[in-house]
Amino acid sequence: MRSLLALVSCASIIAASSAVAETRVFIIANQADGYGVDQCLAKGEKCGAQVARTYCQSRDFAQASAYRRVDPDEITGSVPKTGANCSHGHCDEYVAITCQR
1 MRSLLALVSC ASIIAASSAV AETRVFIIAN QADGYGVDQC LAKGEKCGAQ
51 VARTYCQSRD FAQASAYRRV DPDEITGSVP KTGANCSHGH CDEYVAITCQ
101 R
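Just so you know, we're using UniProt numbering here: the sequence shown kicks off at 1 and counts up by one.
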């Protein structure tokens, strides 16, 4: 009886651990490319879905579950506030892409 209980416990632990997908959020600079891809990502529009998925796949993740614009204040750590990431008049703009395995 104890071995059956132990087997059931192990099986449930294995099933629970495999059901949890690994998720990671990547914060990238939102740089204008002239094609509007940056706005698709920043606004969470459907046109950014392929770009987000490709970004995730390039980092060995299966899919992108979300993508959106992020304020620099939401990011913990060191993020330049002026100058360094300014291009084409877009300063301090970042995009978060959530990837899942």
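By construction, the Cβ of each residue, glycine as well, lies at the ideal position given by its N, Cα and C atoms.
Inset, instruction - Would you mind stating whether R59 and F26 have Cβ atoms separated by less than 9 Å? - result: Reading the sequence shown from its first residue, position 59 is the one you call residue 59. Reading the sequence shown from its first residue, position 26 is the one you call residue 26. A contact, by the Cβ cut-off of 9 Å.
Inset, instruction - Ignore the nearest five residues each way along the sequence and tell me which others in T23's own chain have a CB closer than 6 Å to its CB. - result: Taking the first residue of the sequence shown as position 1, residue 23 is located at position 23. So the qualifying residues of the chain are Q100.
Inset, instruction - Assuming L41 and A29 form a contact by the criterion Cβ under 8 Å, report the distance between their Cβ atoms to the nearest whole angstrom. - result: Here residue 41 refers to the residue found at position 41 when the sequence shown is read from its first residue. Here residue 29 refers to the residue found at position 29 when the sequence shown is read from its first residue. Not really, about 11 Å apart at Cβ, beyond 8 Å.
Legend entry - Range of the contiguous beta strand (DSSP E) that encloses R59: Reading the sequence shown from its first residue, position 59 is the one you call residue 59. Careful: R59 lies outside any beta strand (DSSP E) and carries neither H nor E.
Inset, instruction - Would you mind stating whether G48 and V37 have Cβ atoms separated by less than 9 Å? - result: Counting from 1 along the sequence shown, the entry for residue 48 is found at position 48. Counting from 1 along the sequence shown, the entry for residue 37 is found at position 37. In this structure, V37 lies closer than 9 Å to G48 by Cβ.
Legend entry - Beta-carbon separation (whole angstroms), Q50 vs C56, contact threshold 8 Å: Your numbering for residue 50 matches position 50 in the sequence shown. Your numbering for residue 56 matches position 56 in the sequence shown. Incorrect: roughly 11 Å between the Cβ atoms, too far for contact.
Legend entry - Spatial neighbours of N85 in its chain, beta-carbon cut-off 6 Å, leaving aside the 5 residues before and after: On the sequence shown, residue 85 is found 85 positions in, with the first residue counted as 1. Confidence is the limiting factor: at N85 the pLDDT is only 49, short of 50, which leaves the residue's position unreliable and the question unanswerable from this model.
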